[in-house]
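Trainee:
Protein chains: 2
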Amino acid sequence: MTAHPRMSLNQATIRHADFATALRVTRQAGIPAIGAWREPVGAVGLPAAAAMLADSGLRMSSLCRGGFFTGPDTAAALDENRRAIEETAALAAAGAAGSAPVLVLVAGGLPEGDRDLAGARNRARDAVGALAEDAAAAGVVLAIEPMHPMYAADRGVISTLAQALDIAEQFPAGRVGVVVDTFHVWWDPCLGEQIRRAGLTGRIASYQVGDWITPLPPDALLARGLPGDGHVDLASVSELVEKAGYHGDVEVEIFNEDLWRADPVRVARRAAETFDGAAGVPG
Amino acid sequence: MTAHPRMSLNQATIRHADFATALRVTRQAGIPAIGAWREPVGAVGLPAAAAMLADSGLRMSSLCRGGFFTGPDTAAALDENRRAIEETAALAAAGAAGSAPVLVLVAGGLPEGDRDLAGARNRARDAVGALAEDAAAAGVVLAIEPMHPMYAADRGVISTLAQALDIAEQFPAGRVGVVVDTFHVWWDPCLGEQIRRAGLTGRIASYQVGDWITPLPPDALLARGLPGDGHVDLASVSELVEKAGYHGDVEVEIFNEDLWRADPVRVARRAAETFDGAAGVPG
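Taken in sequence, the protein lines are chains A and B.
Going by UniProt numbering, the first residue of the first sequence is number 1, and it counts up by one from there.
Going by UniProt numbering, the first residue of the second sequence is number 1, and it counts up by one from there.
#1: Going along chain A in order, which residues have a C-beta closer than 8 Å to the C-beta of aspartate 126 (chain B)?
#2: Please tell me whether tryptophan 260 (chain B) has its Cβ less than 8 Å away from any Cβ of chain A.
#3: Got a sec? Which residues, its chain only, sit under 6 Å from glutamate 251 (chain B) by beta carbon, not counting five neighbours each side?
#4: Report the neighbours of proline 72 (chain A) on chain B: residues whose CB is nearer than 9 Å to its CB, in chain order.
#5: DSSP has cysteine 64 (chain A) in a bridge; who is on the other side?
#6: With DSSP as the reference, label valine 232 (chain B) as helix, strand or coil.
#7: Look up tryptophan 212 (chain A) in the DSSP assignment and say whether it is helix, strand or coil.
#8: Given that residue 285 (chain A) touches chain B, what residues does it touch there, using C-beta distances under 7 Å?
#9: Which residues share a DSSP beta bridge with valine 252 (chain A)?
#10: Please tell me whether glutamate 109 (chain B) and arginine 38 (chain B) are closer than 8 Å, where the distance is taken between their beta carbons.
#11: Any contact between the region 216-227 of chain A and the region 275-282 of chain A? By contact I mean 3 or more CB pairs, one from each, below 8 Å.
#12: Can you name, in chain order, every residue of its own chain whose Cβ lies under 8 Å from the Cβ of glycine 245 (chain B), other than the five neighbours on each side?
#13: If alanine 48 (chain B) and isoleucine 85 (chain B) are in contact, beta carbons under 8 Å, what's the gap, nearest whole angstrom?
#14: Would you list the one or two residues that DSSP bridges to aspartate 181 (chain A)?
#15: On the DSSP bridge list, what partners appear for alanine 51 (chain B)?
#16: DSSP has leucine 142 (chain B) in a bridge; who is on the other side?
#17: Check the Cβ of serine 159 (chain B) against every Cβ in chain A and list those closer than 9 Å, keeping chain order.
#18: What is the rounded straight-line gap between the Cα of valine 232 (chain A) and the Cα of phenylalanine 255 (chain A)?
#19: Which residues, taken in chain order from the region 88-111 of chain B, show a beta carbon closer than 7 Å to some beta carbon of chain A?
#20: Quick one: what's got a C-beta closer than 7 Å to alanine 77 (chain B)'s C-beta in the same chain, skipping five residues either side?
#21: Are glutamate 253 (chain A) and aspartate 181 (chain A) touching if we call contact CB-CB under 8 Å?
#22: I want to see whether chain A comes within less than 8 Å of valine 232 (chain B), judged by CB atoms only; does it?
#23: What does glycine 225 (chain B) pair with, by DSSP beta-bridge criteria?
#24: Using alpha carbons as the reference points, say which of B:Gly42, B:Ala137, B:Leu103 and B:Val185 lies closest to alanine 152 (chain B).
#25: List the residues of chain A whose Cβ lies closer than 9 Å to the Cβ of arginine 59 (chain B), in chain order.
#26: Output needed for arginine 269 (chain B): all residues of its chain with C-beta closer than 6 Å, excluding positions within five of it in sequence on either side, in chain order.
#27: On the CB-based measure, 16 or more other CB atoms within 10 Å of its CB, does glutamine 170 (chain A) come out buried or exposed?
#28: Measuring only from the beta carbon, is methionine 147 (chain A) closer than 7 Å to any heavy atom that is part of the ligand ZN?
#29: Report the three-state DSSP secondary structure of glycine 156 (chain A) (helix, strand or coil).
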């Protein structure tokens, strides 16, 4: 089997697979790249994970995820993110040519009992600033991921691409960028304008495709569908991202209970098929 | 009992009460105004509903709801909205002094199988244009309600206050305005700026307070909490709205299964208490 030459399978799509399994099923589906997660990497240890990634012949398109900056212990969060930066550098170096030293950052939500959304957003910005030099020293790009506004309270206070870019542009291009995840940003009336803006300043560090399905499942965290299963005009967004100059790997990252319960071999294959059919990514 | 002098109980908060019951429990809780819904009004018929409202001594703060413009049958949607405009005028005339002839508009979602979000948004704008003169002739204000982006696919394609204002400002102030509902817009990084903008052009036609609770309940449509029960800094938003020159009634509109199951007398009382305690509305 061969999948699309720019496709990457984000490990969250096959969440319960360990790192070895994730690498294997990705290769078996003919997918040339993987979006790695820190937890399965940590479970085997970084040196072993790097060796396994090198053996797989796969590219790494990003490491998920750093961030969670908004809680009470900023120092601990920064330390954790510095470890994630080192992991990103090591894995990108171990992956096949074209691997991307990109660390995805999720801002974090409002602390318990805290209603100061603007304050939490400022803490997220300050944390990115505190990490920018560490990332630069390691050759890593910090990629700020705006999350759907329905996660603003409990997961990610950065809600729009414009907001993420407002932060990223305070730092050199190539050091701090943004993630465009269709699931999170598809609804945004300013999407086209902000993707163009991101392109002009070279800020698109990662592009992820996922669809918005209705009705929203009982656990809204798991509301994502495979490309083509929902309401998002993925081809139009992919065209915007392409025109904005992003030509890297494109991840399929789907949080979905049904997919997590299924055989990862089949999920990887199905992700590759739907990517071909509906993601609208040029070859 | 007396509630806050500017409080209005939106009927959706006591959804299963018929119109007579809704008027009675609102009065019993000392709440001076009601946000009416078309379905319970229709169940008794407009003339009877107007007479009941007049007898109650309550103000009407708005009628919910018109809109749903994005489906295949635009002509039918417009006809339905013209009826809603007439109902709004009749009820506002019957309500106590200070009643507001405001018809709340929800845009509607994407039709089945349709991924053209921009197209649906344009249809919503065109429909408002088609109704603006009817509204003017009836002395009714059309109030466009931006809905939380999590409803963009299946309920309301107008997702931000900026978008709603972009439409409203194409028409005379006092004829087309917007609804500021904290539940829908609290997350918006541009909220302060857009409320100020709405104030400058006199566009705030309705202000509704509802809180954002976590975890998001299984049915995301029912994810709203009473003032103070969630993550929204209602006092700050109320201050912005006040400074923007809106001094009308403030509705408590909560879609919540637990509230709907409870005794409406107690719900009205509890809504009045939480409004006093957490809504931050000046007297």
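Heads up, the beta-carbon is just placed ideally off N, CA and C, and yes, glycines get one too.
Mentor: Concretely, from the data shown:
#1: In chain order: nothing, as chain A lies at least about 16 Å away.
#2: no
#3: Ser8, Asn10, Gly35, Ser61 and Gln208
#4: Within chain B, no residue comes near proline 72 (chain A); the closest Cβ sits about 16 Å away, beyond 9 Å.
#5: A:Trp37 and A:Val104
#6: coil
#7: strand
#8: Within the shown structure, residues of chain A are numbered from 1 to 283, placing residue 285 (chain A) beyond reach of any answer.
#9: A:Leu9 and A:Val209
#10: Note that residue 109 (chain B) corresponds to glycine in the displayed sequence, not to glutamate. Against a cut-off of 8 Å, the Cβ pair of arginine 38 (chain B) and glycine 109 (chain B) comes out as no contact.
#11: yes
#12: Gly199, Gly202 and Ile204
#13: At roughly 19 Å, the Cβ-Cβ gap does not stay under 8 Å, so alanine 48 (chain B) and isoleucine 85 (chain B) are not in contact.
#14: A:Gln208
#15: Bridge partners of alanine 51 (chain B): none, in fact.
#16: B:Leu103 and B:Val176
#17: Pro149, Trp187, Asp188 and Pro189
#18: 16 Å
#19: Leu110
#20: Phe68, Phe69, Gly71 and Ala127
#21: yes
#22: yes
#23: B:Asp211
#24: B:Val185
#25: Simply none; closest approach about 30 Å.
#26: Ala29
#27: exposed
#28: With respect to small molecules bound, the structure shown includes none, and the ligand ZN cannot be examined in it.
#29: strand
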